[in-house]
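Student: Below is one structure. I have some questions about it.
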Amino acid sequence: MTALSSPQLDALETAIRDVVAPQALETDTQGRFPRAAVTALGQAGLLGLVSASSVGGAGGGLPQARAVVERLAQDCSSTAMVVCMHYCATAVLEQFGPEAVRREIAAGRHLSTLAFSEAESRSHFWAPASTAKVQGDQVVLDARKSWVTSAAEADSYVWSSQPLKAEGASSLWLVSSKAAGLSVASAFDGLGLRGNASSPITAQGVAVQARDLLGEDGKGYPRRARCQCDGTHFRCAV
Ligand SMILES: Cc1cc2nc3c(=O)[nH]c(=O)nc-3n(C[C@H](O)[C@H](O)[C@H](O)COP(=O)(O)OP(=O)(O)OC[C@H]3O[C@@H](n4cnc5c(N)ncnc54)[C@H](O)[C@@H]3O)c2cc1C
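Those letters in the sequence shown? Residues 2 to 239, by this note's numbering.
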């Protein structure tokens with residue numbers, strides 16, 4: 002029994018048969034990001050699975066997201082991880098993100114991910130040590146993120162920091178992966194999931210705009226983001 006509609010299931014199976022599965026071995030042995038798989042899933046409407054129908058998405062929720070990630074993991078666990086983190090980030094962006102980005106995600110042209118975990122906070126990722134500071138008419142982010150799936154491969158990061166001014170544990174930002182001052186500190190060299198590019202990212206003086214704040218300052222966690230982590234797993238309400 003699957004939560005997916007018959008056309009969605011057909012689209013998923015076609016993308017897996019034609020693109021995801023044939024490249025899975027190379028993705029793993031060479032630790033290569035599964036770009037072709039991501040493109041195929043975008044074209045199949047599956048990157049927009051949890052985007053609202055009002056922005057062109059499929060309007061799915063957690064059962065649909067789970068069905069896709071579970072099925073992908075049977076053939077390519079790296080692709081499954083990348084898509085899982087994309088759905089987590091999309092859950093936040095659907096609530097607080099700009100409509101243009103939401104439309105790009107729904108159209109399958111924009112990959113996102115969460116940049117929560119940090120070298121300093123580790124599993125306690127709801128309490129980031131990284132900072133956001135007003136500098137002139139901009140906000141400047143500094144961080145040592147410890148794991149970001151699809152690092153430098155995603156189009157954007159849903160990024161946590163300490164609040165700007167408000168009380169609270171964290172604030173969330175939409176950060177372009179092309180922003181100046183971001184660097185991938187090292188390649189992913191874990192056991193398994195070798196193509197998922199879950200690498201550390203350093204931010205040094207990364208400038209964003211006040212409008213890139215997702216939701217309210219200081220309310221990044223837990224209710225607003227609707228993401229939870231039990232130390233090794235993220236759960237996002239989508
Ligand atoms: C493949 C992969 C992809 C990932 N992708 C992302 C991503 O896209 N975005 C992102 O933000 N993060 C991501 N993560 C990070 C993941 O959420 C972290 O691994 C997690 O937050 C745990 O942090 P840590 O590895 O530093 O473990 P640690 O904090 O070192 O924890 C190790 C163990 O110690 C326990 N522990 C820690 N602190 C305490 C304490 N005070 N008291 C008792 N026990 C404690 C933990 O429960 C755990 O069992 C990814 C991780 C992996 C493996």
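All C-beta atoms, glycine included, are put in the ideal place defined by N, C-alpha and C.
Can you list, in chain order, the residues of its chain whose CB lies under 8 Å from that of PHE126, leaving out five sequence neighbours each side?
Tutor: Stepping through the sequence shown from its first residue, residue 126 is reached at position 125. Once the five neighbours on either side are set aside, the close Cβ partners of PHE126 are PHE117, SER118, GLU119, SER161, CYS230.
Student: Is it the case that the CB of GLY191 approaches a heavy atom of ligand 3 more closely than 7 Å?
Tutor: Ligands in the displayed structure: ligand 1; ligand 3 is not one of them.
Student: Quick one: complete beta strand (DSSP E) runs, 3+ long, within the stretch 142-222?
Tutor: With a minimum length of 3 residues, the continuous beta strand (DSSP E) runs that stay inside the stretch 142-222 are 157-162, 172-177, 183-185, 200-209.
Student: Quick one: grab the DSSP three-state call for VAL83.
Tutor: Position 82 of the sequence shown, counting from 1, holds the residue named residue 83. Three-state result, VAL83: helix.
Student: State the Cα-Cα distance for the pair ARG225 and ALA92, rounded to the nearest angstrom.
Tutor: Looking up residue 225 in the sequence shown gives position 224. Looking up residue 92 in the sequence shown gives position 91. Confidence is the limiting factor: at ARG225 the pLDDT is only 47, short of 50, which leaves the residue's position unreliable and the question unanswerable from this model.
Student: Near ALA22, what residues of its chain come up, given a Cβ to Cβ distance below 6 Å and the 5 sequence neighbours on each side ignored?
Tutor: In the sequence shown, residue 22 corresponds to position 21, counting from 1. So the list reads ASP76, once near-sequence residues are dropped.
Student: Just checking, does the stretch 142-153 make contact with the stretch 199-219 on the three C-beta pairs under 8 Å criterion?
Tutor: With the cut-off at 8 Å, the stretch 142-153 and the stretch 199-219 touch.
Student: Rounded to a whole number of angstroms, what is the C-alpha to C-alpha distance between CYS85 and GLU105?
Tutor: The residue you call residue 85 lines up with position 84 of the sequence shown. The residue you call residue 105 lines up with position 104 of the sequence shown. Taking the straight line joining both Cα atoms gives about 18 Å.
Student: Return the Cβ separation of SER79 and ASP29 in integer angstroms, given the expectation that the two are a contact with Cβ distance under 8 Å.
Tutor: Reading the sequence shown from its first residue, position 78 is the one you call residue 79. Reading the sequence shown from its first residue, position 28 is the one you call residue 29. So it is a contact: roughly 7 Å between Cβ atoms.
Student: Give the C-beta separation of GLN139 and GLN210 to the nearest angstrom, bearing in mind that I take them to be a contact with Cβ-Cβ under 8 Å.
Tutor: Position 138 of the sequence shown, counting from 1, holds the residue named residue 139. Position 209 of the sequence shown, counting from 1, holds the residue named residue 210. So it is a contact: roughly 6 Å between Cβ atoms.
Student: How should ALA188 be labelled, buried or exposed, when 16 other C-beta atoms within 10 angstroms of its C-beta is the threshold for buried?
Tutor: Here residue 188 refers to the residue found at position 187 of the sequence shown. With fewer than 16 other Cβ atoms within 10 Å, it is exposed.
Student: Can you give me the start and stop residues for the alpha helix (DSSP H) that GLN75 sits inside?
Tutor: As a working mapping, residue 75 is identified with position 74 in the sequence shown. Taken as a continuous stretch (DSSP letters only), the alpha helix (DSSP H) holding GLN75 covers 63-76.
Student: Between the stretch 55-73 and the stretch 95-105, are three or more C-beta pairs nearer than 8 Å?
Tutor: Cβ pair count under 8 Å is three or more, so yes.
Student: Going straight from the alpha carbon of LEU173 to that of ARG110, what length do you get?
Tutor: As a first step, residue 173 is located in the sequence shown; it is residue number 172 there, counting from the start. As a first step, residue 110 is located in the sequence shown; it is residue number 109 there, counting from the start. If you take the alpha carbons of LEU173 and ARG110, they lie about 22 Å apart.
Student: List in chain order: all unbroken beta strand (DSSP E) runs of 3+ residues lying wholly within the stretch 91-144.
Tutor: Those beta strand (DSSP E) runs which fall completely within the stretch 91-144 and span 3+ residues are 113-116, 132-136.
Student: With burial defined as no fewer than 16 other Cβ atoms inside 10 Å of the residue's Cβ, what is the status of LYS179: buried or exposed?
Tutor: Your numbering for residue 179 matches position 178 in the sequence shown. Exposed, by the Cβ-count rule.
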